[in-house]
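*Asks:* Just so you know, our numbering puts 58 at position 39 of the sequence shown, and the rest follows in order with no gaps.
Pasting a structure below so you can have a look.
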Amino acid sequence: MPKSLKHVLFIFLDGIGLGADDPAVNPFAAAAMPLLDDLAGGRWLRGRQPGGSVQASFVPTDPRMGIAGRPQSATGQAAILTGRNVPAEIGTHYGPRPNPDIRAILAEDNLFKQVVQRGGTAALINAYPPHFFEAVNRGKRLRSAIQQAVHEAGLSLFDDEALRQGEAMSPDWTGEGWRQELGYKDTPVFTPYEAGKHLAELARRRTFTFFSNWITDVLGHRGPFEQAVTMLEVFDGVMAGLLENWYDDGLIVVSSDHGNMEDLSTRKHTENDVPTLIIGPGHEAFAEGLVDLAGLAPRILQALYGTP
Ligand SMILES: [Zn+2]
């Protein structure tokens with residue numbers, strides 16, 4: 020892997036796994052995602068072997084990590100961000116929000132902390148509405164494992180004003196959700212391509228940029244199927260805008276914490292592998308030996324600093 024890339028952009032899609040080639044239950048089997056399929060060297064379905072394209076590597080990645088049961092968000096996200104087998108350490112898959120044991124693991128160390136400690140800059144670039152901050156501050160809502168990792172690194176989350184200023188992004192990429200779900204009239208709305216370009220610009224500003232789409236997991240729990248298909252087609256358009264505006268000193272990693280949206284015949288999480296797509300210089304070396312979620316953090320640090 021080339022040492023000391025300047026930027027890593029992590030695109031996290033909550034609750035996407037590699038499911039059956041069945042367009043009746045799996046949005047990945049129904050959606051038109053030509054760019055994502057090209058990058059991955061095939062479709063995002065169960066049975067895929069590690070592979071990819073000239074530009075990218077694709078690795079089916081194990082979120083079960085030797086622990087029985089359905090993988091969950093808090094342990095999966097904590098594994099991604101710490102490089103530790105968090106389900107094994109606490110003895111179970113746990114979620115959606117982190118319990119005290121998981122919070123203690125995130126407090127010890129995590130990717131955001133590592134980058135800050137090594138002199139870099141890091142952010143979770145999602146924007147959150149005022150009621151989110153009020154609920155967290157009043158103790159009515161626990162932070163997700165990702166948000167907790169950011170908090171433990173001494174970093175702040177972005178608010179609606181940051182979204183208006185173009186410093187943060189909407190989890191649905193386009194910003195339609197802020198208009199339709201939250202009732203905002205003055206927040207930006209992007210086409211998928213523009214959103215991808217914007218993502219590239221934001222990632223250029225810092226060492227480690229984390230973007231989280233949690234809506235995929237919500238769609239996995241309750242559908243509707245058509246919205247899940249649309250979300251994947253939007254993602255394909257986002258990737259076009261992102262890659263056409265990307266730069267050769269940066270790496271993009273797309274991954275997830277557990278399966279869910281790839282099987283809409285059930286509202287529950289699945290035990291499927293999750294996809295990891297790595298795009299950029301050294302993607303083959305990054306993919307080498309990657310088997311489970313705990314392999315991501317050390318490889319990201321290796322890409323940025325030459326040491327895990
Ligand atoms: Zn999740």
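We put the CB at the ideal spot given by N, CA and C, even for glycine.
Where do the ends of the alpha helix (DSSP H) carrying Phe77 lie?
*Replies:* Along the sequence shown, read from residue 1 onward, the residue named residue 77 stands at position 58. Not the alpha helix (DSSP H): Phe77 falls in the beta strand (DSSP E), residues 75 to 80.
*Asks:* Who pairs with Asn104 in a beta bridge, going by DSSP?
*Replies:* If you number the sequence shown from 1, residue 104 lands on position 85. Asn104 pairs with nothing; no bridge assigned.
*Asks:* Just grab the DSSP bridge partners of Val272 for me.
*Replies:* As a working note, residue 272 is residue 253 in the sequence shown. According to DSSP, Val272 bridges with Phe29, Ile297.
*Asks:* Taking the alpha-carbon of Tyr203 as reference, which of Gln321, Thr226, Leu182, Gln74 has the nearest alpha-carbon?
*Replies:* Reading the sequence shown from its first residue, position 184 is the one you call residue 203. Checked all of Gln321, Thr226, Leu182, Gln74; the closest Cα to Tyr203 is Leu182.
*Asks:* Using only alpha-carbon positions, find the residue among Asp205, Gln74, Asn104 that is nearest to Asn129.
*Replies:* Working through the sequence shown from its first residue, we reach residue 129 at position 110. The shortest C-alpha separation from Asn129 is found at Asn104.
*Asks:* Report the three-state DSSP secondary structure of Gln280 (helix, strand or coil).
*Replies:* Sequence index remark: in the sequence shown, residue 280 carries index 261 (1-based). The identity of residue 280 in the sequence shown is Met, whereas the question assumes Gln. Coil.
*Asks:* Going by the C-beta, is Gly138 closer than 7 Å to any heavy atom of ligand 1?
*Replies:* Taking the first residue of the sequence shown as position 1, residue 138 is located at position 119. No, since every heavy atom of ligand 1 falls outside the 7 Å radius drawn around the Cβ of Gly138.
*Asks:* Say the cut is 7 Å; is the CB of Ser92 nearer than that to a heavy atom of ligand 1?
*Replies:* Your numbering for residue 92 matches position 73 in the sequence shown. Indeed, a heavy atom of ligand 1 lies less than 7 Å from the Cβ.
*Asks:* Can you give me the C-alpha to C-alpha distance between Val310 and Leu55, rounded to a whole angstrom?
*Replies:* Taking the sequence shown and counting its residues from 1, one reaches residue 310 at position 291. Taking the sequence shown and counting its residues from 1, one reaches residue 55 at position 36. C-alpha separation (whole angstroms): 21 Å.
*Asks:* Does the Cβ of Gln91 have 16 or more other Cβ atoms within 10 Å, making it buried, or fewer, making it exposed?
*Replies:* Position 72 of the sequence shown, counted from the first residue, corresponds to residue 91. Gln91 should be labelled buried.
*Asks:* Give the C-beta separation of Pro106 and Ile86 to the nearest angstrom, bearing in mind that I take them to be a contact with Cβ-Cβ under 8 Å.
*Replies:* For this step, residue 106 is matched to residue 87 along the sequence shown. For this step, residue 86 is matched to residue 67 along the sequence shown. With a Cβ gap of about 4 Å, Pro106 and Ile86 count as contacting.
*Asks:* For Arg83, which residues of its own chain have a beta-carbon under 7 Å away from its beta-carbon, when the five flanking residues on both sides are left out?
*Replies:* Here residue 83 refers to the residue found at position 64 when the sequence shown is read from its first residue. Taken in chain order, the residues that qualify are Pro90, Glu290.
*Asks:* Is it right to say Asp33 is buried, meaning 16 or more other beta carbons lie within 10 angstroms of its own, or is it exposed?
*Replies:* Within the sequence shown, the letter at position 14 stands for residue 33. Classification for Asp33: buried.
*Asks:* Mind checking who Ser231 pairs with in its DSSP beta bridge?
*Replies:* The count along the sequence shown starts at 1 and reaches residue 231 at position 212. Beta-bridge pairing links Ser231 to Phe31.
*Asks:* If Leu315 and Ser274 are in contact, beta carbons under 8 Å, what's the gap, nearest whole angstrom?
*Replies:* Taking the sequence shown and counting its residues from 1, the one referred to as residue 315 is at position 296. Taking the sequence shown and counting its residues from 1, the one referred to as residue 274 is at position 255. Confirmed, about 6 Å.
*Asks:* Should Asn156 be labelled buried (16 or more other beta-carbon atoms within 10 Å of its own) or exposed?
*Replies:* Taking the sequence shown and counting its residues from 1, one reaches residue 156 at position 137. Exposed.
*Asks:* Can you list the alpha helix (DSSP H) stretches of 4 or more residues lying completely in the segment 185 to 251, in chain order?
*Replies:* Fully enclosed alpha helix (DSSP H) runs of 4 or longer: 195 to 199, 211 to 223, 234 to 241.
*Asks:* DSSP beta-bridge partners for Asp311?
*Replies:* Stepping through the sequence shown from its first residue, residue 311 is reached at position 292. Partner(s): Asp81.
*Asks:* Pairing CB atoms from the segment 230 to 247 with CB atoms from the segment 184 to 200, are three or more of them under 8 Å?
*Replies:* Yes, they touch.
*Asks:* For Asn145, I'd like the list of residues in its chain whose CB is within less than 6 Å of its CB, leaving aside the five on either flank, ordered along the chain.
*Replies:* Residue mapping note: residue 145 aligns to position 126 of the sequence shown, counting from 1. Once the five neighbours on either side are set aside, the close Cβ partners of Asn145 are Pro190, Ser231.
*Asks:* Applying the criterion that 16 or more other CB atoms from any shown protein chain within 10 Å of the CB defines a buried residue, is Arg241 buried or exposed?
*Replies:* The residue labelled residue 241 in the question sits at position 222 within the sequence shown. When all chains shown are included, Arg241 counts as exposed.
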